[in-house]
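If you read the protein sequences in the order shown, they are chains A and B. In terms of the working numbering, the first sequence opens at residue 1047 and continues consecutively. In terms of the working numbering, the second sequence opens at residue 1047 and continues consecutively.
Number of protein chains: 2
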Amino acid sequence: MIRVLLADDQHLVRQAMAALLSFEPDIEVVAEVERGDLVVAAVAEHRPDVVLLDIEMPGRDGLSVAADLDVKVIILTTFGRPGYLRRAMDAGVSGFVVKDARAEELAAAIRDVCAGGRVVDRRLAAASRTTGACPLTARERAALRAAAGGGTIADVAARLFLSPGTVRNYLSAAIRKTGARNRAEAARIAETNGWL
Amino acid sequence: MIRVLLADDQHLVRQAMAALLSFEPDIEVVAEVERGDLVVAAVAEHRPDVVLLDIEMPGRDGLSVAADLDVKVIILTTFGRPGYLRRAMDAGVSGFVVKDARAEELAAAIRDVCAGGRVVDRRLAAASRTTGACPLTARERAALRAAAGGGTIADVAARLFLSPGTVRNYLSAAIRKTGARNRAEAARIAETNGWL
DNA sequence: GGGCGAACCTGACGAATGTCACACGCGGGG
DNA sequence: CCCCGCGTGTGACATTCGTCAGGTTCGCCC
């Protein structure tokens, strides 16, 4: 029996996914978690064989959680952003499945991963090869993320404890590197690539 | 037996939701659709009692689909945006459930709606009362939506066949009405309220 | 018909933004 | 050791953006 822990912030999706997996005779959902910051404790308590992790959760980011777990992890997310896949691989996850997959694919991925394999969504793997790594430095990312919400330069500078001129330089660099024509577009491009 | 049609763009979520509803003895999922523009034909073919509609789908928006259906509709969406609820009500839907609800709530909503009732998520109804209606005119909305992607004023003007000055005026009005300090923030505010 | 608001447009002005050149300190790799 | 890239900062400049005041044309309602 493969013991699975489910982490997803939407209750209905979590229950539904559990219902779906209950049809698999060799898979058992032993726990459900709705916040990223509760996953580590739940894993310690329930000792699952595989953790299904959503990325966007309250409390803590699924990708950073994955880096702290030493059980096998499958990222199960809505958004097939190339950057997500890359970061997930860096975090040492064993599988990456998008929520548009078939139920059989998910079950197969769980079995494969449990047996020591690695499973990655095909289309995403292809997209990841073409998109390449994030060209932004850590500070540029931070500045772009802070600016994405719609704040002004002064806001970003205040939040990052930087001089406004520096923020402008970072954003300018981000705009150039993403090939965008202004902050908003740069933020959108970085967002869809999973660079933020 | 209550006949249900499921419309959601994510295959796994759709299958999982069907699995969840299969545990309810009086509910039967008779069809699944993955695109908004296929819902009307599927309803004509399968004659469900209730349609579960996601909002954000490829092909066609769930809210506009709802307006064309004369069966009972429950909107089932991730995003509890007040504006979505308002537009859903205008479209004549019978229920509005967020994906963070419990499975029992969803089943209860299906039964209530099938019996002629109306079901609306409590927290969302409260939020909807405080937020109020969308203050933007149709053109302002269009301009803001076109600008949200990150394009420049000239881009928006070209896409809407308007003069750049007019676009600036619309965006300025949108910024004023949303209480934002620039386009990006206005777009974000309108987005979270479901006004776009 | 008169008033009103929305859709369109123009022109002008100040403020914010994007770009560039340049400067300094720091750490890592050749 | 010395260079290079990164983080940090400054100042100047052109462009874009946000605002305002004004104008014309509709259609709708009283």
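Don't be surprised by glycine CBs; every beta carbon is placed ideally from N, CA and C.
In terms of alpha-carbon separation, which member of the options lies closest to residue i?
i: ARG1205/A; options: ALA1189/A, ASP1072/A, MET1063/A, THR1238/A; result: ALA1189/A
i: ASP1083/B; options: ARG1127/B, VAL1165/B, ARG1175/B, ASP1107/B; result: ASP1107/B
i: LEU1242/B; options: ASN1215/B, ARG1185/B, GLY1211/B; result: ARG1185/B
i: ALA1134/A; options: ALA1161/A, GLU1151/A, LEU1098/A, ARG1157/A; result: LEU1098/A
i: VAL1085/B; options: ASP1072/B, ASP1054/B, VAL1059/B, LEU1058/B; result: ASP1054/B
i: LEU1152/A; options: VAL1139/A, LEU1122/A, GLY1195/A; result: LEU1122/A
i: VAL1165/B; options: THR1177/B, VAL1143/B, THR1176/B; result: VAL1143/B
i: GLY988/A; options: ASP1072/A, THR1224/A, VAL1076/A, VAL1119/A; result: No answer is possible for residue 988/A: the residues shown for chain A start at 1047 and end at 1242.
i: ALA1193/A; options: GLU1237/A, ALA1137/A, ASP1167/A; result: GLU1237/A
i: PRO1094/B; options: ILE1221/B, PHE1207/B, VAL1119/B; result: VAL1119/B
i: HIS1092/B; options: VAL1076/B, ARG1081/B, ARG1187/B, ALA1171/B; result: VAL1076/B
i: PHE1125/A; options: GLY1105/A, ARG1081/A, ALA1173/A; result: ALA1173/A
i: ALA1161/A; options: HIS1057/A, VAL1096/A, ALA1087/A; result: VAL1096/A
i: ILE1221/B; options: ASP1072/B, ARG1187/B, GLY1163/B; result: ARG1187/B
i: ASP1072/A; options: ASP1136/A, THR1176/A, ALA1154/A; result: ALA1154/A
Determine, using beta carbons only, whether residue i and residue j come nearer to each other than 8 Å.
i: VAL1089/A; j: LEU1052/A; result: no
i: ALA1064/B; j: GLU1078/B; result: yes
i: VAL1117/A; j: GLY1141/A; result: no
i: MET1047/A; j: GLU1074/A; result: yes
i: TYR1130/B; j: ILE1101/B; result: yes
i: GLY1240/B; j: ARG1169/B; result: no
i: ARG1234/A; j: GLY1195/B; result: yes
i: ALA1226/B; j: ALA1219/B; result: no
i: ARG1229/B; j: ALA1203/A; result: no
i: VAL1059/A; j: VAL1059/B; result: yes
i: GLY1105/B; j: ARG1132/B; result: no
Which stretch, first to last residue, makes up the beta strand (DSSP E) that contains residue i?
i: THR1123/B; result: 1118 to 1123
i: GLU1070/A; result: Run containing GLU1070/A: none; DSSP gives neither H nor E here.
i: LEU1084/B; result: First-last for LEU1084/B: undefined, no H or E at that position.
i: LEU1099/B; result: 1096 to 1099
How is the alpha helix (DSSP H) around residue i delimited, first residue to last?
i: VAL1213/B; result: 1210 to 1224
i: ALA1137/A; result: Note, ALA1137/A: premise wrong, no alpha helix (DSSP H); not H, not E.
i: LEU1250/B; result: Here chain B covers residues 1047 to 1242 and nothing more, so residue 1250/B does not appear.
i: ASP1201/B; result: 1199 to 1206
i: ASP1158/A; result: 1149 to 1160
i: ALA1243/B; result: No statement about residue 1243/B is possible, as the shown extent of chain B runs from 1047 to 1242 and does not include it.
i: GLY1108/B; result: 1108 to 1114
i: ARG1164/A; result: ARG1164/A -> no alpha helix (DSSP H), and no H or E assigned at all.
i: ARG1187/A; result: 1184 to 1194
i: GLU1237/A; result: 1229 to 1238
For the ligand NAP, I want to know if residue i counts as a neighbour, meaning its beta carbon is within less than 7 Å of at least one of the ligand's heavy atoms.
i: ALA1189/A; result: The ligand NAP is not part of the structure shown, which contains no ligands of any sort.
Positions along the stretch 1212 to 1228 of chain A whose CB lies within less than 9 Å of some CB in chain B: ALA1226, ARG1227, ASN1228
Contact list for the stretch 1059 to 1075 of chain A against chain B, Cβ threshold 8 Å: VAL1059, GLN1061, ALA1062, MET1063, ALA1065, LEU1066, SER1068, PHE1069
Short-range partners of chain B found in the stretch 1176 to 1198 of chain A, where Cβ spacing is below 9 Å: ALA1193, ALA1194, GLY1195, GLY1196, GLY1197, THR1198
Cβ-based contacts, 9 Å cut-off: residues of the stretch 1139 to 1156 of chain B near chain A: Hits within the stretch, in order: VAL1143, VAL1144, LYS1145, ASP1146, ALA1147, ARG1148, ALA1149, GLU1151, LEU1152.
Stretch pair the stretch 1177 to 1184 of chain A + the stretch 1142 to 1153 of chain A: three plus CB contacts closer than 8 Å: no
The stretch 1192 to 1200 of chain A contacting the stretch 1213 to 1230 of chain A, beta-carbon criterion three pairs below 8 Å: yes
Touching by the beta-carbon criterion (3+ pairs, under 8 Å), the stretch 1067 to 1081 of chain B and the stretch 1109 to 1128 of chain B: No: fewer than three Cβ pairs fall under 8 Å.
Proximal residues, the stretch 1090 to 1102 of chain B versus chain A, C-beta separation under 9 Å: none
Under 8 Å (Cβ pairs) to chain A, residues found in the stretch 1230 to 1241 of chain B: ALA1230, GLU1231, ALA1232, ALA1233, ARG1234, ILE1235
Residues of the stretch 1113 to 1125 of chain A whose Cβ lies closer than 7 Å to any Cβ of chain B, in chain order: THR1124
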